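Worksheet for the structure shown next.
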Amino acid sequence: MAVRARVLGLLQRHGWNATSFQSLEAGFRYWFDRDDACVAYVETQGAWVVAGAPICPAERLEAVAHQFALAARAAGKRCAFFAAESRLVAVAGLRALAPLARGGGGDGGHGRYGADGAAGGAL
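Here it is in structure tokens:
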């Protein structure tokens with residue numbers, strides 16, 4: 005099966021994020037976990053930037069996000085979930101992923117800004 009057709013099938017079953025179907029646009033790479041999950045991302049010089057949330061069953065969001073962050077780190081890249089909605093943040097515990105995805109550090113490289121952009125918080 006062609007990669008884009010595989011991604012489309014996953015999107016039709018599990019796409020909920022506002023950016024889900026944008027992941028079919030040109031320029032995205034795809035990382036797959038088993039047969040029921042993928043992550044659409046763009047590779048930059050130092051990071052894998054994800055378009056929204058992993059495309060997978062809701063009960064696998066945390067595991068897939070974590071495994072993707074590990075894969076990024078193994079490739080020598082940081083990981084960023086761009087346009088991640090509250091569902092991913094709540095389920096996947098991005099606070100816990102931040103130090104791993106960004107290569108360590110007490111605040112995960114976020115400085116002192118919260119998810120809402122206000123000073124003094126952390127993701």
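For the sequence shown, the working numbering assigns the number 127 to the last residue and increments by one with no breaks. The beta carbon of each residue, even a glycine, is placed where N, CA and C say it ideally should be. No experiment lies behind these values; they were computed from the predicted model shown.
Contact annotation: residue 58 and residue 43 have beta-carbon atoms nearer than 8 Å. Judged by DSSP secondary structure, residue 66 falls within the alpha helix (DSSP H) whose first and last residues are 65-78. Collapsing the DSSP output to three states places residue 84 in a strand.
Residue pairing by DSSP puts residue 47 in a beta bridge opposite 52. Between residue 52 and residue 81, the C-beta spacing is below 8 Å.
Under the three-state reduction of DSSP, residue 32 is assigned to coil, being neither helix nor strand.
By the criterion of a C-beta distance shorter than 8 Å, residue 7 is surrounded in its chain by 34, once the five residues flanking it on both sides are discounted.
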